[in-house]
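For the sequence shown, the numbering used here begins at 256 and goes up steadily by one. Quick reminder that beta carbons are idealized off the backbone N, C-alpha and C, glycines included. The structure displayed is predicted, hence computed values, not measured ones. Before any comments, here is the structure.
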Amino acid sequence: MKEIWRNGIGQDSHRFVLEDDGEGKRLMLGGVLFPNEPALEGNSDADVVLHALCNAISSVTGVRILGSLADRLCAQGITDSTVYLREALHTLDPAHNPSGRLYELMGIAVSIEAKRPHLAKNIEAMRIRLAQLCKLEVGDVGVTATSGEGLTDFGRGLGVAAIVSVSIREIREIRE
Ligand SMILES: [Zn+2]
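Now the structure itself:
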């Protein structure tokens, strides 16, 4: 058996809904509900952190979730991005990725760019929720946030962008 460490990276962004009807969907980030904030646009719950995390996992496994399986689930009315994440985590199993490799998610690093909401007081809640969703310890999940001094549309409050990096351990059989 040979152990290899892999790094994955994923990105996503969504804009805020322009007209908030006050009772529609609310902002979800990293699986955490922000009840007093307007939602992000998207057919799903538009959780950019979970979408970027799915993309990061796909960058290692080669199995597309967003723009593929997630779209099909969304068309069936499943808009909860934690379901898409569960499907992405499923592809770490050798029976569910094309190379038949055994992957283990070991750590997650999240970088969020946004002017709003104010994220500092919610960082810990996101770490706890992400750890729970990925069956990791809170210490294995890092979340940082910046407004980037307002240099981009995210820093100006028009939307939210996230970049997620994953550390994945791959157990490979050594064949002679
Ligand atoms: Zn998205």
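Over the uninterrupted beta strand (DSSP E) stretch that includes Gln-387, give me the two end residues.
Looking at the DSSP string, Gln-387 is not in any beta strand (DSSP E); the run it does join, the alpha helix (DSSP H), is 378 to 389.
Give every residue of the same chain whose Cβ lies closer than 6 Å to the Cβ of Arg-382, excluding the five residues on either side of it in the sequence, and list them in chain order.
Val-393, Val-396 and Val-398
I believe Leu-344 touches Cys-389 by the beta-carbon criterion, under 8 Å. Please report the beta-carbon distance rounded to the nearest angstrom.
7 Å
Between the stretch 354 to 371 and the stretch 323 to 338, can you find at least three pairs of beta-carbon atoms closer than 8 Å?
no
Alpha helix (DSSP H) segment containing Ile-312, residue limits
303 to 316
Euclidean distance between Cα positions of Gln-266 and Ser-314
11 Å
Report the CB separation of Arg-384 from Val-318 in whole angstroms; it is logged as a contact under 8 Å.
Not really, about 23 Å apart at Cβ, beyond 8 Å.
What is the rounded straight-line gap between the Cα of Met-361 and the Cα of Leu-328?
27 Å
Environment of ligand 1 in chain order, Cβ to heavy atom below 5 Å:
Asp-267 and His-306
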